[in-house]
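Student:
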């Protein structure tokens, strides 16, 4: 009797598992559609309403491109965009350089004294709330100003330094993951043939981690361009970034010119992201083909 009950329970469990797997397989497309709709429908709505002639963003009047023409004459917005792009590019570049050095030290030189502490301190900003990071950097800059006399005023330089600090952690994680996947035998073979470590890094290692460098740079650029919390702490009234400007304008109502600007940014970012994806895919295929040939 107990054997019969056990067999019955087992058959019920198997039936439930098979049924759930079939349901999930049938609903997989629907679940994917719901997820993508949740992600991209707000962007589509923003793009559509950027062509709305009404100043009220919640009321559709008629199709018009007047907000794009008015955007071209908005010096305040263009100044904020230029400052944000310059800060993001500089922060991403320096974060990529420092992140590459940090990840190489963590992955390739694991046994140096204080390696665990160094690894923890490098990635600590990942789990640190932005408001804590911003407050800590504010106190740092104030203390430096009082003791060293620099920086006298908080502005673009302090924003760039702050963004480099927390973007470096993300770049380090991306590049470290790529370095751990590399076949060290190629580097060791080059060293055995007489190449010095610096030459091995620039000729062999660097080309193989190039897709990770691009990914890390783009990630750091996006994080810097999007930041508003840390920038509020470490900047003064003379440096207005785009996120800060948008945040201040949204308090008084959504400006239709913001929708037009966001649409242009989405288009540019989409094109850059697509080109980067194509380049990284080709680089990965080239690397796989070269590995198979050897």
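Numbering (this note's numbering), first residue to last: 20 to 313.
Beta carbons: idealized from backbone N, C-alpha and C, even for Gly.
(1) So is residue 122 buried or exposed if we call it buried at 16+ other beta carbons inside 10 Å?
(2) Could you tell me whether the region 94 to 108 touches the region 235 to 246, where touching means 3 or more Cβ pairs closer than 8 Å?
(3) Given this structure, state the Cα-to-Cα distance separating residue 298 from residue 289, to the nearest angstrom.
(4) Whole angstroms is fine: what's the gap from residue 141's alpha carbon to residue 189's?
(5) Check for me: the alpha helix (DSSP H) holding residue 258 runs from which residue to which?
(6) Along the chain, where does the alpha helix (DSSP H) that runs through residue 211 open and close?
(7) Can you grab the Cα-Cα spacing for the pair residue 191 / residue 183, in whole Å?
(8) Once the 5 residues before and after residue 179 are set aside, which same chain residues still bring their CB inside 6 Å of it?
(9) Determine the direct distance from the alpha carbon of residue 43 to that of residue 34, and round the result to whole angstroms.
(10) How long is the line joining the alpha carbons of residue 143 and residue 133, rounded to whole angstroms?
(11) Taking 7 Å as the limit between beta carbons, can you name the residues of its chain near residue 305, skipping five residues before and five after?
(12) Tell me which residue opens and which closes the alpha helix (DSSP H) that residue 69 is part of.
Tutor: Answer, in terms of the structure:
(1) For this step, residue 122 is matched to residue 103 along the chain shown. Counting Cβ neighbours within 10 Å, residue 122 comes out buried, since at least 16 surround it.
(2) yes
(3) As a position in the chain shown, residue 298 is number 279, starting the count at 1. As a position in the chain shown, residue 289 is number 270, starting the count at 1. Distance between the alpha carbons of residue 298 and residue 289: 14 Å.
(4) For the purposes of this step, residue 141 is taken as residue 122 along the chain shown, with counting starting at 1. For the purposes of this step, residue 189 is taken as residue 170 along the chain shown, with counting starting at 1. Using only the alpha carbons, I get a separation of about 9 Å.
(5) Within the chain shown, the letter at position 239 stands for residue 258. Following the DSSP letters along the chain, one finds residue 258 in no alpha helix (DSSP H), marked with neither H nor E.
(6) Position 192 of the chain shown, counted from the first residue, corresponds to residue 211. Following the DSSP letters along the chain, one finds residue 211 inside the alpha helix (DSSP H) bounded by residues 203 to 211.
(7) Residue mapping note: residue 191 aligns to position 172 of the chain shown, counting from 1. Residue mapping note: residue 183 aligns to position 164 of the chain shown, counting from 1. C-alpha separation (whole angstroms): 12 Å.
(8) On the chain shown, residue 179 is found 160 positions in, with the first residue counted as 1. Contacts found: 106, 109, 110.
(9) Here residue 34 refers to the residue found at position 15 of the chain shown. Here residue 43 refers to the residue found at position 24 of the chain shown. Near 14 Å, if we compare the C-alpha coordinates of residue 43 and residue 34.
(10) For the purposes of this step, residue 143 is identified with residue 124 of the chain shown, where counting begins at 1. For the purposes of this step, residue 133 is identified with residue 114 of the chain shown, where counting begins at 1. Straight-line Cα distance between these residues: approximately 15 Å.
(11) Against the chain shown, residue 305 aligns to sequence position 286. Correct list: empty, nothing qualifies.
(12) Translated into the one-based positions of the chain shown, residue 69 becomes position 50. Unbroken run through residue 69: none, as it is neither H nor E.
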